[in-house]
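Remarks on the structure that follows.
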Amino acid sequence: MFQKQEAMTNREIGREPETIISASVKLEGDFVSQGNVLIEGEVVGSLKTEKDLRVGERARISADVTAASAIVAGEVRGNIDISDRLELEPTAKVFGDIRTADLVIASGAVVCGKITMGSEATSTAKAGKVGRKAAGKNEFSVDLDEDSSSVEASADRLIEGDSVDQEETNKKTVNAFFTK
Amino acid sequence: MYFYIYDSFLTLKKYARTLAEVETRLTDLGISGKIGRLSPFTSAKGLIRDEMRRGTQTVVAVGNDETVSKIVESIGGEMITLGMIPVGAPTCIAESLGIPYGEAACDVLSKRVTQRIDLGRVNGRFFLSSLRIPGGRVTIVGGDGKYRITTPADDCEIVVSNLRSGEMLGVDHETANVPGNPMDGLLDALIMPRMTSLLGRRRPLGSSSVITLKRLDISSDEPIDAIADGYHFVQEHLEIDVVPDCLKVITGRERVFAR
Chain A
161 MFQKQEAMTN
171 REIGREPETI
181 ISASVKLEGD
191 FVSQGNVLIE
201 GEVVGSLKTE
211 KDLRVGERAR
221 ISADVTAASA
231 IVAGEVRGNI
241 DISDRLELEP
251 TAKVFGDIRT
261 ADLVIASGAV
271 VCGKITMGSE
281 ATSTAKAGKV
291 GRKAAGKNEF
301 SVDLDEDSSS
311 VEASADRLIE
321 GDSVDQEETN
331 KKTVNAFFTK
Chain B
9 MYFYIYDSFL
19 TLKKYARTLA
29 EVETRLTDLG
39 ISGKIGRLSP
49 FTSAKGLIRD
59 EMRRGTQTVV
69 AVGNDETVSK
79 IVESIGGEMI
89 TLGMIPVGAP
99 TCIAESLGIP
109 YGEAACDVLS
119 KRVTQRIDLG
129 RVNGRFFLSS
139 LRIPGGRVTI
149 VGGDGKYRIT
159 TPADDCEIVV
169 SNLRSGEMLG
179 VDHETANVPG
189 NPMDGLLDAL
199 IMPRMTSLLG
209 RRRPLGSSSV
219 ITLKRLDISS
229 DEPIDAIADG
239 YHFVQEHLEI
249 DVVPDCLKVI
259 TGRERVFAR
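Going line by line, the protein sequences match chains A and B.
Counting from 161, one number per residue, gives the positions in the first sequence under my numbering.
Counting from 9, one number per residue, gives the positions in the second sequence under my numbering.
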């Protein structure tokens, strides 16, 4: 009886799957994972994980990326959709739009695309609504143009109905540093 | 009722003493049973089929990894419990299951702690530990055909692992060294660079890839040389999947999974 219980427990807990694509390997197509993913090689297509993603310094990704959180040190050509936190390291190069709840960009990182931030941004994307109208939320949008090295930032706040206290409660502090 | 299958190499004189100790211990523990011997003219499948008709519910492999492989291939999917008494070499599968060498394995058998584990299957043949493809440029198709992985060159080895054993230690990535769990309904595909000897130390030429999946196809322009649990074969195309809860196996306390 006790042996059976032990086996059940182990199966229920399971193991956290771990995927590693090393530097010399090329992955093409739509890759979906339920665990943490580390990319050091080449990925072409789309990449989706329910957990964390790390893109190594030598990695080259030509794919739309979706993850819970991500640390990017390599090159990503495609849109990045992160539900929690995205960190771009000094060697990171992103050519595509970024949608994330929380963003850290280190000095030296290159971003060419539109950045949409805020706690509601990712949920809006999940619902398939890419509009910018939302009640009681903050939306932060940054456009970076690589050729002109210009940075345009605009914060749109569309508050409907609720009081200013509600707005303050929902306000998100963003520590983002852009250096070209 | 226990049915013991001795591999053919155990007729060598150097194993006579170990076998005598094992048989004495089995008698002391009251778990002795019928013995079948493999030979070039006697297959494990035939022996097991006959014993199943007589009501045998536990088959014990006496020998090395290849012995276990022959028996697993025969009893995969059947309502039979597998036990092991490791004799000879290599015995990595038994080590992973926490079963000690020789006479000491009899005590593990008598305690009869069982686990229901997954088996891998390659082109219809079951494997317990791993499938190895020593070299060659191959293409791996996973995720029901949704993605494709191309290996770099001939200088890498591919291992599809259900229960990872000590033979794989030494791979650079920590994940590759973590024993695979044969109770998770998944296989691990490892793409490992060849090892090189530099100044007497064996090192990998690059880093390893690890992909976790339920099913994969491996193809190549040339026939693929593969080894499943020590059994060597050549095929044009490999269809590999995991069969969950496929085998009931007797394990020891020192097993590397489900502790």
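Note that beta-carbon positions come from the ideal geometry of N, C-alpha and C, so glycine has one too.
Whole-number beta carbon distance between residue j and residue i, since they are thought to touch under 8 angstroms
i	j	result
B:R223	B:D249	4 angstroms
B:R124	B:K256	5 angstroms
B:V68	B:I93	6 angstroms
B:R140	B:S228	At roughly 15 angstroms, the Cβ-Cβ gap does not stay under 8 angstroms, so B:R140 and B:S228 are not in contact.
A:G127	A:G216	In the structure displayed, chain A extends from 161 to 340; residue 127 of chain A sits before or after that span and is not available.
A:G189	B:Y155	3 angstroms
B:E29	B:G132	Incorrect: roughly 38 angstroms between the Cβ atoms, too far for contact.
B:I157	B:G150	7 angstroms
B:I258	B:L136	Wrong, their Cβ atoms sit about 13 angstroms apart, outside the cutoff.
B:S169	B:G188	5 angstroms
B:S82	B:I56	5 angstroms
Counted within 10 angstroms of its Cβ, other Cβ atoms place residue i as buried (16 or more) or exposed
i	result
A:R214	buried
B:F134	buried
B:I88	buried
B:N72	buried
A:A252	buried
A:T179	buried
B:P48	exposed
A:R292	Here A:R292 scores only 39 on pLDDT, less than 50, and its place in the model is too uncertain to base an answer on.
B:V2	The structure shown has nothing for residue 2 of chain B, since chain B only spans 9 to 267.
A:A219	buried
B:M9	exposed
B:P190	buried
B:T35	exposed
B:F11	buried
B:T159	buried
A:Q165	The pLDDT assigned to A:Q165 is 38, lower than 50, so where the model puts this residue is not dependable; a value taken from the coordinates is nonetheless given after this. Exposed: under 16 other Cβ atoms inside 10 Å.
Residue i: contacting residues in chain B (beta-carbon distance under 7 angstroms)
i	result
A:L187	Y155 and I157
A:S222	Result: empty, since nearest Cβ-Cβ is about 13 angstroms, beyond 7 angstroms.
Contact list for residue i against chain A, beta-carbon separation under 8 angstroms
i	result
B:G151	G189, D190, F191 and V192
Best match in the options for proximity to residue i [C-alpha to C-alpha]
i	options	result
B:A265	B:A102, B:T64 and B:K78	A small fix is needed here, since residue 265 of chain B is Phe in this sequence, not Ala. Nearest of B:A102, B:T64 and B:K78 to B:F265, Cα basis: B:A102.
B:I199	B:G143, B:K119 and B:V242	B:G143
A:I221	A:A266, A:V185, A:I265 and A:E210	A:V185
B:R261	B:K119, B:I219 and B:E247	B:K119
B:I148	B:D196, B:R45, B:L55 and B:T122	B:D196
B:G41	B:G193, B:K22, B:S104 and B:Y14	B:Y14
B:L105	B:V95, B:T122, B:A97 and B:G96	B:T122
A:E200	A:T209, A:S206, A:C272 and A:E235	A:E235
A:M277	A:I258, A:N196, A:K211 and A:G195	A:I258
B:Y23	B:V70, B:I79 and B:R61	B:V70
A:R245	A:A233, A:A261, A:V232 and A:V254	A:A261
A:S193	A:A223, A:A230, A:V204 and A:K211	A:K211
A:L187	A:E249, A:G195, A:V204 and A:L198	A:V204
Paired residues, beta bridge with residue i - DSSP
i	result
B:I226	B:I148 and B:L246
A:T260	A:I242 and A:M277
B:G71	B:P94
B:F135	B:G128
B:L221	B:L195
B:C254	Per DSSP, none; premise fails for B:C254.
B:Y239	B:A236
B:P201	B:C164
Within chain A, the residues that residue i reaches when beta carbons sit closer than 7 angstroms
i	result
B:P160	S184 and V185
B:V68	By Cβ distance, chain A contributes nothing, its closest Cβ being about 19 angstroms from B:V68, past 7 angstroms.
B:I258	Those within 7 angstroms of B:I258 in chain A number zero; the least Cβ separation is about 11 angstroms.
Neighbouring residues, chain B, relative to residue i (Cβ below 9 angstroms)
i	result
A:E200	S215 and S217
Under 8 angstroms by beta carbon: chain B residues contacting residue i
i	result
A:G195	T220
A:T179	V218, I219 and T220
A:G205	Y155
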